[in-house]
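Enquirer: Take a look at this one; I'll ask things after.
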Amino acid sequence: MQSSAGEVSERRHMLDRPPDSVLVWHRTRHAVAVTAAVSVALLSACASGERATPSGSAAASRQSDDSNTAKILRLVAEAGVVNGDPKPTAISWAYASRGAIAKTLEFGVPDGEDEIQQVLIVAHGNFTATAARLPPGATAPTGTVIELVYDTATWVATDFGLAKTAPDLSALGQVFTPSG
24 MQSSAGEVSE RRHMLDRPPD SVLVWHRTRH AVAVTAAVSV ALLSACASGE
74 RATPSGSAAA SRQSDDSNTA KILRLVAEAG VVNGDPKPTA ISWAYASRGA
124 IAKTLEFGVP DGEDEIQQVL IVAHGNFTAT AARLPPGATA PTGTVIELVY
174 DTATWVATDF GLAKTAPDLS ALGQVFTPSG
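Under my numbering, think of the first position of the sequence shown as 24, with each following residue one higher.
Here it is in structure tokens:
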């Protein structure tokens, strides 16, 4: 998928360690106060940030009345800091089965995991996967879209990726945004 060091093809997923460790390394390096400050800044940015306006029925399905909004914004803020952009914009998410999310993001699913309920979170910014495991001399992957997938029962990260274009969340069902 990667044509040269640091250059991202249409979609690049980089989860090459146990799923529960994706954001753990961030939490051990940064104080809780930093996360709280970033979350406040992110909420402010989201309130005034511009979002791409979808057309058709997807526009009608965008809502902000999700009870997990604060948790999702915190996760995006943490991932943004770790990946070089502390103020991601155009945040949106949709809930679906792992199989449906895998189909949308074009990656495989281990046997028996198709029906696990997850959330796919997408945010825009200028990201660099500085924590990605790379061969010596390789440049860290970059992208303008970050894709985060969490198991909704445990809120453990299962997949992470950077891309140049955002996936179509409306294909998964109802799409949520921070401010509707």
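Here a beta-carbon is modelled for each residue, glycine too, at the ideal position from N, C-alpha and C.
For the putative contact between I144 and L98, defined by C-beta atoms under 8 Å, what is the C-beta separation to the nearest angstrom?
Expert: 7 Å
Enquirer: Exposed or buried, what is Q140 when buried is set at 16 or more other beta-carbons lying within 10 Å of its beta-carbon?
Expert: exposed
Enquirer: For the structure I just gave you, are there three or more beta carbon pairs, one from the stretch 104-120 and one from the stretch 192-202, closer than 8 Å?
Expert: In this structure the stretch 104-120 lies against the stretch 192-202, because at least three pairs of beta carbons, one per stretch, are closer than 8 Å.
Enquirer: When you compare each of A154, A93, A125, T167 to T112 by their alpha carbons, which one comes out closest?
Expert: T167
Enquirer: Could you check what DSSP says for S193 in three-state terms: helix, strand or coil?
Expert: helix
Enquirer: Excluding sequence positions up to five away, which residues of its chain have a Cβ less than 8 Å from the Cβ of E138?
Expert: S120, R121, G122
Enquirer: State the beta-bridge partners of D182 as determined by DSSP.
Expert: V172, per the DSSP bridge assignment.
Enquirer: Take the Cβ of N149 as the centre, count every other Cβ of all protein chains shown within 10 Å, and call the residue buried at 16 or more, exposed below.
Expert: Exposed, by the Cβ-count rule.
Enquirer: In three-state terms, what does DSSP make of T127?
Expert: It is helical.
Enquirer: Mapping the DSSP letters down to three states, classify V132 as helix, strand or coil.
Expert: coil
Enquirer: Just mark E101 as buried or exposed, buried being the case when its beta carbon has 16 or more other beta carbons within 10 Å.
Expert: buried
Enquirer: Taking A94 as the reference, which of D182, K187, V142 has the closest Cα?
Expert: According to the sequence displayed, residue 94 carries Lys and not Ala. It is V142.
Enquirer: Go ahead and pull the three-state DSSP assignment for I211.
Expert: The structure shown does not extend to residue 211, since the chain spans only 24 to 203, so no value can be given for it.
Enquirer: Out of S115, E136, T151, A146, which one is the CA nearest neighbour of G107?
Expert: The candidate whose alpha carbon is nearest that of G107 is T151.
Enquirer: In whole angstroms, give me the CA-to-CA distance for E136 and F199.
Expert: 24 Å
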